[in-house]
Ligand SMILES: Nc1ncnc2c1ncn2[C@@H]1O[C@H](COP(=O)(O)OP(=O)(O)OP(=O)(O)O)[C@@H](O)[C@H]1O
Ligand SMILES: [Mg+2]
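In my numbering, the protein residues as written are 706 to 1045.
Below, the structure written as structure tokens:
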């Protein structure tokens, strides 16, 4: 893999459209490179953009362009199945606990992939896709990944969790233990004298070791992903020429600084110069003022400015038109390694 381009910014500013347009253009400029477009937004809309049913499978769009709208739940299930099974078994083998029928049912229903916090689930599928080892086990080896990210707050967890994953997993497990502690205490008081305490210590120790190793693996994987994003990640923030989304990309710049290199800013949907419309002309002037401010604020970065197209940029042709509006006749190098 050579490059991971990540598009971020406020809701509705054109992240998905620009991700898709960039993917289409790069696939045409670089016919020998394999490109994968991924939606990391839970509210996937690549299917709408390409007018094609995509979903949770790598779908071929052209001969060197693929895309996927991953289902975070299914990744979380696959990814945590072993760990959850082991934790469940360990809990059931604890003295007393395993002997209490209510607790067993409680463990079975609580300790499931479904109850993992959403942020962790999202981060898991982010890692699953980006993990160099996993990608290499697939049939296709991608050269360029273009990631359409969710709005800023959720974007940060995607960067944060690979680094702090183990802490999150431990906190999650601790919450779980805390939630059953009360129940155990109550029931065990009643059962203490009835159930002969039994303890298969050796078995528990082995399970404990397995769980520890799995957590170590998780940590290594998290480090691998963080390093990868650090090395070949390229963040591009998308904004429209208005105050709220300008403020948002300033915040996003600060919040993402330690995870990924910010390489460019897209100012999207500027109203084209109107022929006869005073109102539109006024709006355009306001937008151009904001655009000037944005350029000043991000003067060390590449700025791509694009106007609002008359037609919604969908389908390969529509996205190609948007790409041309954004990048003009830039070379692939200028898009991949932008300079201010
Ligand atoms: N330059 C443009 N000209 C015309 N329409 C555009 C342009 N860029 C984006 N759009 C349209 O604006 C709408 C929002 O764009 P898009 O879905 O790409 O934004 P987003 O940032 O991904 O939104 P969300 O945060 O909801 O995922 C879409 O209807 C899209 O077709
Ligand atoms: Mg989107």
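All C-beta atoms in this analysis are idealised placements derived from N, C-alpha and C, irrespective of residue type, glycine included.
Asked	Found
Proximity test, residue 1013 beta-carbon vs ligand 1 heavy atom, cut-off 7 Å	yes
Contacts around residue 970, its chain only, beta-carbon distance under 6 Å, and the 5 residues preceding and following it disregarded	942, 1003, 1006, 1008
Chain-ordered residues, beta carbon under 6 Å from a heavy atom of ligand 2	720, 721, 746, 750, 853
Three-way DSSP call (helix, strand, coil) for residue 860 in this model	helix
CA-to-CA distance, residue 906 to residue 746, given in whole angstroms	45 Å
Nearest-angstrom beta carbon gap, residue 1043 and residue 968 [assumed within contact, 8 Å]	5 Å
Proximity below 8 Å, CB of residue 830 to CB of residue 780	yes
Validate contact between the stretch 761-771 and the stretch 782-796 using beta carbons, cut 8 Å, 3 pairs	no
C-beta contact flag for residue 938 and residue 711 at 8 Å	yes
Where residue 985 sits in the DSSP three-state scheme	helix
Spatially closest choice to residue 1031 from 730, 717, 866, 707, by CA coordinates	730
Limits of the alpha helix (DSSP H) - the one that residue 955 falls within	948-961
Straight-line gap, residue 816 to residue 789 (C-alpha atoms, nearest Å)	7 Å
Helix, strand or coil at residue 845 according to DSSP, with G and I counted as helix	coil
Beta-ladder partner(s) of residue 939, from DSSP	710
Three-pair Cβ contact test at 8 Å for the stretch 945-962 versus the stretch 724-738	no
Rounded separation between residue 774 and residue 981 - CA only	42 Å
Residues that DSSP places opposite residue 852 in a beta bridge	711, 743
Residue 846, buried or exposed, once every other Cβ within 10 Å from all chains shown has been counted against 16	exposed
Where the alpha helix (DSSP H) containing residue 1015 begins and where it ends	No alpha helix (DSSP H) holds residue 1015; DSSP gives it neither H nor E.
Distance, residue 920 Cα to residue 778 Cα	20 Å
Where the beta strand (DSSP E) containing residue 1037 begins and where it ends	Here residue 1037 belongs to no beta strand (DSSP E); instead the alpha helix (DSSP H) covers 1037-1041.
Short Cβ contact (8 Å threshold) for residue 1012 with residue 979	no
C-alpha gap between residue 749 and residue 930, whole angstroms	23 Å
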